[in-house]
Amino acid sequence: MMSSLNREDRVMDLEGMKNMGTVDRALRAIVGLVLISLVFVGPQTPWGWIGIIPLATAVISWCPAYSLLGMRTCK
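Listed below in structure tokens is the structure:
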């Protein structure tokens with residue numbers, strides 16, 4: 001089924017969904033990578049896989065908690 005939105009409109013719509021700024025994204029990516037590294041080094045605990053969540057939110061620039069609270073850290 002074809003959408004009535006063309007490619008440019010869909011890109012613009014996705015841009016409007018972003019609610020995280022650059023600093024927020026960088027911090028989340030670092031925290032996510034550090035947590036994931038705990039699976040392989042240090043205590044080698046499977047709890048490190050929880051780092052996928054901050055890493056994923058950093059990659060897509062969207063945080064569901066920010067949306068629920070009406071927050072935005074991007075300009």
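Each residue of the sequence shown is one higher than the one before, starting from 1 at the first, in the working numbering.
A virtual CB, placed ideally from N, CA and C, is assigned to each residue, including glycine.
For P54, count neighbouring Cβ atoms within 10 angstroms of its own Cβ and tell me buried if that reaches 16, exposed if not.
Taking the sequence shown and counting its residues from 1, one reaches residue 54 at position 54. Flag for P54 reads buried.
Excluding the five sequence neighbours on either side, which residues of its own chain have a C-beta within less than 7 angstroms of the C-beta of L35, listed in chain order?
In the sequence shown, residue 35 corresponds to position 35, counting from 1. Counting only Cβ-Cβ distances below 7 angstroms, and skipping sequence neighbours, we find G48, I50 and G51.
So what does DSSP say about V39, is it helix, strand or coil?
Within the sequence shown, the letter at position 39 stands for residue 39. Coil.
Anticipated Cβ contact below 8 angstroms, C63 with M20, distance rounded:
Locating residue 63 in the sequence shown gives position 63, counting from the first residue. Locating residue 20 in the sequence shown gives position 20, counting from the first residue. That pair is a contact at about 6 angstroms.
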